[in-house]
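One structure is given here, and the rest of the page talks about it.
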Amino acid sequence: MIPKSHPRYLSLKTRDNIVNGVKMGITSEHGLIAHGRGEAFDYLIGEKTRKFGLEAIDAAAFLLVSAKNPVISVNGNFAALCAKDIASLGKKIPAKIEVNIFHTSKKREVKIRDFLIKNGAKEVLMPSTGIVKYIDHNRRYCNPLGIGSADVVFVPLEDGDRCQALRKMGKEVITVDLNPLSRTSKSASVTIVDNVIRAMPLLIKAVERYRSFSKMELNARIRKYDNKKILSKSLNYISKRFS
Ligand code: PTJ
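Here the working numbering is used: the first residue of the sequence shown is 1034, the next is one more, and so on.
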């Protein structure tokens, strides 16, 4: 048990959640390594949501609330860290929730679905006969009613290939990735450079704030957003912090 008074309480508690995810059969062992990489980048931004993160969160909310068929794609890390927030975001947008994992395991897909339902999700789609073109691995399979026909896909902690493939298919992709240099960060329409555990509650609030905006207003705001600028702002921030 980690005492709340510990200066690194949140970081250690989050590690516990990922380790428990592995123990429950939700998160893959590789997920532990991915988490460590995330921690290193979080350290570089001072473990706080920065202005470039907030700007991207707003843009993500504009895209999600104006989408025709928005889908939240969930892998083993995202589920272990944010199950309740995923259910809540799905209801607020409203958006479909779909399980889609990189390291193939039918058993893990079912456990992720059940965990999301236990944490408040009404319905969770599973990969089936839909195909994400341009990729060969397990992530190729998706649900035709979910990612298959989505216009906007929210895919935090992504592995790279699929983000590019979804973009090539003409979909808008929103990601959360602490590494602004990753292929996913560079190819997404909107990259939230922040820890997903901090970004999710802020995204839920942003969706609540912008839900009532007109399509015209939302489109105007989307047009103004420049993801490349956001990525350079994050890199500038990191280099200034350490110079
Ligand atoms: O459950 P599966 O099989 O789909 O596997 C999920 C992982 C995450 C293991 C898989 O997608 C993977 O290997 O991802 P990568 O290529 O390691 O990329 C994950 C990215 O997420 C890296 O750039 C990390 O820096 C970043 N990341 C890790 N933890 C967090 C994070 N970004 C935001 N918040 C985090 N908590």
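Even for Gly, the Cβ is constructed at its ideal location relative to N, Cα and C.
- [ ] For A1183, I'd like the list of residues in its chain whose CB is within less than 7 Å of its CB, leaving aside the five on either flank, ordered along the chain.
- [x] Closer than 7 Å at Cβ, skipping near neighbours: N1102, P1103, V1104, K1204.
TODO: Can you tell me which of the three DSSP states Y1258 falls into?
DONE: Correct three-state label for Y1258: coil.
Open item on the list: Is S1061 close to the ligand PTJ? I mean its beta-carbon at under 7 Å from any heavy atom of the ligand.
Closed with: Correct: S1061 has its Cβ closer than 7 Å to the ligand PTJ.
Task: Beta-carbon spacing of M1233, D1118 below 8 Å - done: Taking 8 Å as the Cβ cut-off, M1233 and D1118 qualify as a contacting pair.
Open item on the list: Any contact between the region 1207-1221 and the region 1153-1170? By contact I mean 3 or more CB pairs, one from each, below 8 Å.
Closed with: The region 1207-1221 is not in contact with the region 1153-1170.
- [ ] Consult DSSP for T1208 and reduce its assignment to one of helix, strand or coil.
- [x] In the structure shown, T1208 adopts extended strand secondary structure according to DSSP, grouped into three states.
Task: Those residues which DSSP pairs with E1131 across a bridge - done: The beta-bridge partner set that DSSP reports for E1131 consists of S1106, L1158.
Open item on the list: Between G1058 and R1146, how many whole angstroms is the CB-CB distance? I'm expecting something under 8 Å.
Closed with: G1058 to R1146, Cβ: 12 Å. No contact.
- [ ] Flag this pair as touching only if the region 1080-1091 and the region 1262-1270 have three or more C-beta atom pairs under 8 Å; answer yes or no.
- [x] When Cβ pairs closer than 8 Å are counted between the two stretches, the region 1080-1091 is seen to touch the region 1262-1270, the count reaching three or more.
Task: N1108 beta carbon near the ligand PTJ (any heavy atom closer than 7 Å) - done: Correct: N1108 has its Cβ closer than 7 Å to the ligand PTJ.
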